[in-house]
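The listed protein sequences correspond, in order, to chains D and A.
FYI, in this note's numbering the residues of the first sequence are 1480 to 1963.
FYI, in this note's numbering the residues of the second sequence are 427 to 554.
The block underneath contains the structure these notes are about, expressed in structure tokens.
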Amino acid sequence: MKYYDKLIFELSKTGRRGYTLPACKWEDGLDGIPENLKRNHAPELPEVSEPDTVRHYVNLSNMNFGVDTGFYPLGSCTMKYNPRINEEMASHPGFSGLHPLQPAETVRGAMELYRILSDALCAVTGMSAFTLNPFAGAHGELTGLMIMRQYHFSKGDTKRTKIIVPDSAHGTNPASAAVCGLEVVQVKSTANGTVDVNDLKPLLDDTVAGIMMTNPNTLGLFESEISEIADLVHAAGGLLYYDGANMNALLGKVRPGDMGFDIMHLNLHKTFSTPHGGGGPGAGPVGVAGFLREYLPYPSVGADVSGGYTWAKGSHTAGRISGFHGNFGVLIKAYAYILMLGRQNVKNAGPYAVLAANYIKESLKDCYKLPIGSVCKHEFVFDGLADAPEGVTTLDVAKRLLDYGFHAPTIYFPLLFHQSIMIEPTETESVETLDAFIEAMRKIAGEAAENPEILKSAPHNTPVSRPDETQAAVHPILKYRRQS
Amino acid sequence: MSKIADGLLYSESHEWVKMENGIATVGITDFAQKSMGNIVYVDMPEPDDEVSQNEEFGAVESVKAASDLYSPVSGVVTEVNEALDDEPGLLNKDAYANWIIKVKISEPAELETLMDAAAYTDFLAKEA
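Next comes the structure, spelled out in structure tokens:
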């Protein structure tokens, strides 16, 4: 691979152009702008030709590793393949050309899609209504907690300010609760890795707003006592929040609504195959049980008298959490995925994801430490190498895996173990890919015993070897400054 | 193996205490720094702040995780180790030579609740 790390500003040559703007038809257009807000000199934009620009971005993209280039078993992230038909649907000019401020009567197709996607998400989750407005999973969590808080407040129950979060939870759970102004209380896990009901009971009093749970949890284990937990929390006057990060394991099989959850979010960029982060924005729709419908954020899409659609606002709404209606392109992609799978195949995603995870777990448990050996769901956690020579860590295993052409799994999470390696293969991988990954992991375990230095100094085959993470964190260089 | 220094007192949350003339010097143990990995930031209180035993007094952030610091003693902070502002990695270099805060203790009886080196060695053996 050709090493390439230039910034586009470094390609800039004064006066070079790839495009010429038409002559300005107006006066300078600066009338009425106060003197101190006017530019004194032209903005320093890169000056490059079209081929320079195209090569720059293609070369940069070649440096990238993504789900389009290889296996990406990043635990808790559900890095499933992003089907191309999703992109085709989202780039349809009838959708991509819309402006969010267009009058409702000119965007009825988009509003209809919003409604039928909401209905589809209700069907697979057992919820009563969804807002599609939140922009990502953590944004969904915040939205859900705002709904929870608003529900208690509107009943005059202002002392419910505590949120219970298991010690295995995603870090976003306590963070979202804190942002929402709620106090976080941790509940412990049992030795089997699920929520300790006996530790939960004494926490339940009249100051509890609710509990946030992920099921299956971050260890890939189904919280089998969820019914009892739901009864206990409800009896104490609290609500149950479902973090949908791991919904892929249950899709089409088990519904959070049936487990007793009142509020939940889904990560469309995980379970519903839309791209993650750098590959495209996320979406974190929030669903609620019937008694919370009126608390959803606005704007939502309601029915108008003539059988069409209108923008609506619930009577107890938790407020506005986005300017418009979410990352609409992502919603189109998720809907395309749902239609592509259909009612029959949507039930297959979870079982195949679970099968793939158990296949890897069973194939590697003799060379990696498996703290909890029961059947996992869509992901599982090793606690490092079974026989780690002094000084060889999970980080070294992860770095060495890059040399074999795989993205590293999630490491050092969950925090329950010191050397966590969290693996989630998803249903989209073939058995050949899983076997190749297993073989690489076995080779690395062998190398750790015979030649630990090759792990300590890995990666050897990537454009960048080990960055100095401490320096990068302590003295990050965040701004480009032109060399004079 | 993690180093354990003789003559210090230890807490279950992996802080160490060195007592001299009613002043407790407090740091984190070698086990703590190894578990954290490369430390990039230490959040410390200000001199004259009050701290209480087993209550949070700051945090350590590494490339892996962020972890709260729990005070092994109660009292008033007399000094903080400002060298850690510029070079938090000192805790990785030598966790016992580089302290975090000094506290004028108000409850000497609390020291009885801490472990000596031998007890901490046993405690670590059970933890790991």
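Backbone N, C-alpha and C fix where the C-beta goes; we use that ideal spot for every residue, glycine too.
From a predicted model like this one, the values you see are computed outputs, not experimental measurements.
Cβ of residue i within 8 angstroms of any chain A Cβ
i: Y1891 (chain D); result: yes
i: A1952 (chain D); result: yes
i: L1894 (chain D); result: yes
i: H1649 (chain D); result: no
i: H1897 (chain D); result: yes
Cutoff 8 angstroms: residue i Cβ touching any chain D Cβ
i: N480 (chain A); result: no
i: N464 (chain A); result: yes
i: A461 (chain A); result: The displayed chain sequence assigns Ser, not Ala, to residue 461 (chain A). Interface residue, yes.
i: V529 (chain A); result: no
i: V443 (chain A); result: no
i: V468 (chain A); result: no
i: V477 (chain A); result: no
i: V489 (chain A); result: yes
Whole-angstrom distance between residue j and residue i, CA atom to CA atom
i: F1544 (chain D); j: T1941 (chain D); result: 10 angstroms
i: H1886 (chain D); j: P1552 (chain D); result: 7 angstroms
i: D469 (chain A); j: K1958 (chain D); result: 25 angstroms
i: P1695 (chain D); j: V1603 (chain D); result: 16 angstroms
i: W442 (chain A); j: W525 (chain A); result: 9 angstroms
i: I1800 (chain D); j: S1779 (chain D); result: 11 angstroms
i: A1599 (chain D); j: M541 (chain A); result: 58 angstroms
i: P498 (chain A); j: P1764 (chain D); result: 44 angstroms
i: T1637 (chain D); j: I1811 (chain D); result: 39 angstroms
i: E1903 (chain D); j: P1530 (chain D); result: 39 angstroms
i: V1767 (chain D); j: Y1720 (chain D); result: 9 angstroms
i: R1961 (chain D); j: Q1950 (chain D); result: 22 angstroms
i: A1583 (chain D); j: P514 (chain A); result: 56 angstroms
i: Y1891 (chain D); j: I1900 (chain D); result: 7 angstroms
i: N1976 (chain D); j: Y1814 (chain D); result: This structure leaves residue 1976 (chain D) out entirely; chain D is present only between 1480 and 1963.
i: K429 (chain A); j: F1861 (chain D); result: 26 angstroms
i: P1938 (chain D); j: P1754 (chain D); result: 26 angstroms
i: G1654 (chain D); j: A1617 (chain D); result: Checking the sequence shown, residue 1654 (chain D) turns out to be Ala, not Gly. Those two C-alpha atoms are separated by around 9 angstroms.
i: T1673 (chain D); j: G1689 (chain D); result: 18 angstroms
| task | Tell me the start and end of each unbroken beta strand (DSSP E) in the stretch 1691 to 1751 of chain D that is at least 3 residues and wholly inside, in chain order. | result | List check, beta strand (DSSP E) in window: 1718 to 1723, 1742 to 1745.
| task | Check each residue of the stretch 1930 to 1949 of chain D: if its Cβ is closer than 7 angstroms to any Cβ of chain A, include it; give the result in chain order. | result | E1948, T1949
| Residues of the stretch 491 to 517 of chain A whose Cβ lies closer than 8 angstroms to any Cβ of chain D, in chain order | A491, P514, G515
| query | Are at least three pairs of beta-carbons, each pair with one atom in the stretch 1730 to 1742 of chain D and one in the stretch 1785 to 1800 of chain D, less than 8 angstroms apart? | reply | no
| request: Identify every run of the beta strand (DSSP E) within the stretch 1624 to 1693 of chain D, keeping only runs that are complete inside it and at least 3 residues long; order them along the chain. | output: 1641 to 1645, 1662 to 1666, 1687 to 1693
| request: Would you list, in sequence order, the uninterrupted alpha helix (DSSP H) runs of no fewer than 4 residues that lie entirely inside the stretch 1849 to 1889 of chain D? | output: 1873 to 1882
| said: Between the stretch 1832 to 1847 of chain D and the stretch 1857 to 1864 of chain D, can you find at least three pairs of beta-carbon atoms closer than 8 angstroms? | reply: yes
| Does the stretch 1615 to 1631 of chain D come within contact of the stretch 1820 to 1834 of chain D, defined as at least 3 CB pairs closer than 8 angstroms? | no
| query | For the 8 angstroms Cβ check, are there 3 or more pairs between the stretch 1659 to 1668 of chain D and the stretch 1616 to 1626 of chain D? | reply | yes
| field | At least three beta-carbon pairs within less than 8 angstroms, the stretch 1559 to 1574 of chain D to the stretch 1894 to 1909 of chain D | value | Because the criterion of three Cβ pairs below 8 angstroms is met, the stretch 1559 to 1574 of chain D and the stretch 1894 to 1909 of chain D touch.
| task | Would you check if there are 3 or more beta carbon pairs closer than 8 angstroms linking the stretch 1933 to 1953 of chain D to the stretch 491 to 502 of chain A? | result | no
| said: Within 8 angstroms, do at least three Cβ pairs link the stretch 1916 to 1933 of chain D to the stretch 1839 to 1846 of chain D? | reply: Result yes; three or more Cβ-Cβ pairs closer than 8 angstroms.
| Contact between the stretch 1535 to 1542 of chain D and the stretch 1498 to 1513 of chain D: three or more CB pairs below 8 angstroms? | no
| Should the stretch 535 to 554 of chain A be regarded as contacting the stretch 508 to 525 of chain A, the criterion being three or more beta carbon pairs within less than 8 angstroms? | The stretch 535 to 554 of chain A is not in contact with the stretch 508 to 525 of chain A.
| task | Answer yes if the stretch 1606 to 1616 of chain D comes into contact with the stretch 1769 to 1785 of chain D, meaning at least three C-beta pairs across the two stretches below 8 angstroms, and no otherwise. | result | Contact holds: three or more Cβ-Cβ distances are below 8 angstroms.
| Would you say the stretch 1677 to 1694 of chain D touches the stretch 1863 to 1876 of chain D, given that touching needs at least three Cβ pairs under 8 angstroms? | no
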